[in-house]
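Counting from 372, one number per residue, gives the positions in the sequence shown under our numbering.
Every residue, glycine too, gets a C-beta built ideally from N, C-alpha and C.
Heads up: the structure comes next, in structure tokens.
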Amino acid sequence: MHIPLSKPHIPKKVFENINQVFASGKLSGDGTFCHSTEEKLKNILNVKHVLLTSSCTHALEMSMLLLDGKEGDEVILPSFTFTSTANAILVAGLKPVFCEIDPKTFNIDINDVLKKITSKTIAVIPVHYAGVACDMEKLLEICRPRNIKIVEDAAHAIGAKWNNTYLGTIGDMGCLSFHDTKNVICGEGGAFLTNDDSLAEKAMIIREKGTNRSQFLKGQVDKYTWVAKGSSYILAEPLAAILSAEVDIMFELNAKRGIIHHYYYDTLKTLEEKNILTLPFLPNYAETNYHLFYIVLNSQEQRNSLMSHLRNKGIGATFHYIPLHSAPLGIELGNKPNDLTNTEEYHSRLLRLPLYPDMERKDYETVASEIMTWAQKFN
372 MHIPLSKPHI
382 PKKVFENINQ
392 VFASGKLSGD
402 GTFCHSTEEK
412 LKNILNVKHV
422 LLTSSCTHAL
432 EMSMLLLDGK
442 EGDEVILPSF
452 TFTSTANAIL
462 VAGLKPVFCE
472 IDPKTFNIDI
482 NDVLKKITSK
492 TIAVIPVHYA
502 GVACDMEKLL
512 EICRPRNIKI
522 VEDAAHAIGA
532 KWNNTYLGTI
542 GDMGCLSFHD
552 TKNVICGEGG
562 AFLTNDDSLA
572 EKAMIIREKG
582 TNRSQFLKGQ
592 VDKYTWVAKG
602 SSYILAEPLA
612 AILSAEVDIM
622 FELNAKRGII
632 HHYYYDTLKT
642 LEEKNILTLP
652 FLPNYAETNY
662 HLFYIVLNSQ
672 EQRNSLMSHL
682 RNKGIGATFH
692 YIPLHSAPLG
702 IELGNKPNDL
712 TNTEEYHSRL
722 LRLPLYPDME
732 RKDYETVASE
742 IMTWAQKFN
């Protein structure tokens, strides 16, 4: 028996779309599927501008370049995130400032954000962990009066909401991921979101290798040329074709994840009541997309014990991010492992469980059953 941690869902429509791309002879980006999928996402998410990118990493990099910061300017982010969030800051020549997580949600600790703000702070990156919204009301209250930009890392969060508004569309800029571990996939891909016309115009230039090619294609200029610093961030047309088919069934895919999420929650609730583990917390302002399901054990030793038990049964349970502030590069940048005690404590107790749209009932029942079996030692 093998139950993987995640597995992509590939609808039949993907193959039809791919054949259309090959028949068209256009494989590079900025094609028909790229444009139509951007329009779909704009309509679904109710956001003015969507630019598909070759990855969420590149969408984050583009966002950091759009801050137009200078050396020494600071961007606050949680240490509990993927390396791309911090790398994007470094690529733009800015300084990452790591802050704590809220142990209840694993999202950015707003109180610690306030403590970390200095005269050099130009942006904050809230990471919506597991598709659960950060406390955007408090973050907006902090950032708006200080003219600090908010760049949402919504890599986990397509289709999730804060106060009935889609994540990624609340701050100044937002970034989505379509990596094949995400809810909506195309292998490798991302999207840049904004409601700011000026930022969108600049983003189009950055994405097109620093040229005004997008203006040329719209007939706004008679030729295109190099006008600003940029890179190559456009999603290739075959990947946009895959993404188009996935976006069409986004809510169906999220709902399938929700069935598994609720089963885990309801089945394991008795273990939480016995204080053997803690289940995910959903704030009243958040509507999740059920991106992943995790449990928090009472110690790292217990987490590792359960992880070993599940892996021995062929179940792909695993930990998640290693905090960036205590990683080798984090230390090199001047951080210390004991700087963020909550992050160090809680990341070591978190265990992710298998969850994907096509997961069979017998498989998620097996996962829950094996956790219950392991927990019998505490009776």
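> Does any CB atom of chain C fall closer than 8 Å to the CB of isoleucine 666?
Replying inline: Here chain C cannot be found, since the structure has a single protein chain.
>> For proline 708, which residues in the same chain have their Cβ closer than 7 Å to its Cβ, ignoring the five residues on either side in sequence?
In response: Counting only Cβ-Cβ distances below 7 Å, and skipping sequence neighbours, we find Ser697, Glu715.
> Distance, Cα to Cα, serine 455 vs aspartate 593?
Replying inline: The alpha-carbon atoms of serine 455 and aspartate 593 are separated by roughly 37 Å.
> What does isoleucine 374 pair with, by DSSP beta-bridge criteria?
Replying inline: Listed as beta-bridge partners of isoleucine 374 by DSSP are Ile686.
>> Taking the alpha-carbon of tyrosine 604 as reference, which of Gly560, Asn706, Gln586, Gly440 has the nearest alpha-carbon?
In response: Nearest option by C-alpha distance: Gly560.
> What are the partner residues of leucine 448, as DSSP defines its beta bridges?
Replying inline: Phe469.
>> Can you confirm whether the segment 608-626 touches the segment 403-421 when touching is taken to mean that 3 or more C-beta pairs between the two stretches lie within less than 8 Å?
In response: Judged by Cβ distances under 8 Å, the segment 403-421 makes contact with the segment 608-626, as three or more pairs qualify.
>> Closest to histidine 527 by C-alpha separation, out of Ala504, Lys509, Cys514, would be which residue?
In response: Comparing alpha-carbon positions, the option among Ala504, Lys509, Cys514 lying closest to histidine 527 turns out to be Ala504.
>> When you compare the CB positions of isoleucine 460 and leucine 485, do they come within less than 8 Å of one another, or not?
In response: No, these two residues do not count as a Cβ contact at 8 Å.
> Run through DSSP, which three-state label would serine 548 get?
Replying inline: Judged by DSSP in its simplified three-state form, serine 548 adopts strand.
> Hey, glycine 443 and alanine 463 are a contact pair by Cβ (cut 8 Å); roughly how many whole angstroms apart?
Replying inline: Going by Cβ atoms, the distance from glycine 443 to alanine 463 rounds to 12 Å, so no, they are not a contact pair.
> Unbroken alpha helix (DSSP H) runs of length 4 or more, entirely within the segment 715-747: which are they?
Replying inline: Taking only runs of at least 4 residues, the alpha helix (DSSP H) segments lying wholly in the segment 715-747 are 732-746.
> Looking at leucine 398 and glutamate 608, is the spacing between their C-beta atoms short of 8 Å?
Replying inline: Annotated as proximal: glutamate 608 and leucine 398, with beta-carbon spacing under 8 Å.
>> My assumption, with CB atoms under 8 Å, is that leucine 416 sits in contact with tyrosine 500. Please give the rounded CB distance.
In response: Contact between leucine 416 and tyrosine 500 is ruled out by a C-beta separation of about 19 Å, above the 8 Å threshold.
> Within 10 angstroms of its Cβ, does proline 596 collect 16 or more other Cβ (buried), or is it exposed?
Replying inline: Sequence inspection shows threonine at residue 596; the proline mentioned does not correspond to that position. Exposed, because fewer than 16 other Cβ atoms sit within 10 Å of the Cβ of threonine 596.
>> For isoleucine 576, which residues in the same chain have their Cβ closer than 8 Å to its Cβ, ignoring the five residues on either side in sequence?
In response: The residues are Thr582, Asn583, Ser585, Val598, Ala599, Gly601.
> Across which residues does DSSP place serine 603 in a beta bridge pair?
Replying inline: Serine 603 is bridged to Glu579.
>> As a quick exercise: from Asn706, Met544, Leu448, pick the residue whose alpha carbon is nearest that of glutamate 572.
In response: It is Met544 whose Cα lies nearest to the Cα of glutamate 572.
> Assuming phenylalanine 664 and leucine 726 make a contact with CB atoms under 8 Å, what is their CB distance in whole Å?
Replying inline: About 5 Å; that satisfies the 8 Å criterion.
>> If I measure Cβ to Cβ from glycine 530 and keep anything under 6 Å in the same chain, skipping five residues before and after, which residues do I get?
In response: If the five residues before and after glycine 530 are omitted, its C-beta is found closer than 6 Å to the C-beta atoms of Met621, Asn625, Asn660, all from its own chain and listed in chain order.
>> Using CA atoms only, rank isn't needed, just tell me which of Gly705, Ala611, Glu644, Arg723 is closest to histidine 662.
In response: If we check each option's Cα against that of histidine 662, Arg723 comes out closest.
> From lysine 733 to lysine 589, what distance separates their C-alpha atoms?
Replying inline: Between lysine 733 and lysine 589, the C-alpha separation is close to 53 Å.
>> In chain order, what are the residue ranges of uninterrupted beta strand (DSSP E) at least 3 long that sit wholly in the segment 389-440?
In response: 420-424, all fully within the segment 389-440.
> Taking just the CA atoms, how far does serine 679 sit from leucine 642?
Replying inline: Looking at the two C-alpha atoms, the distance is approximately 19 Å.
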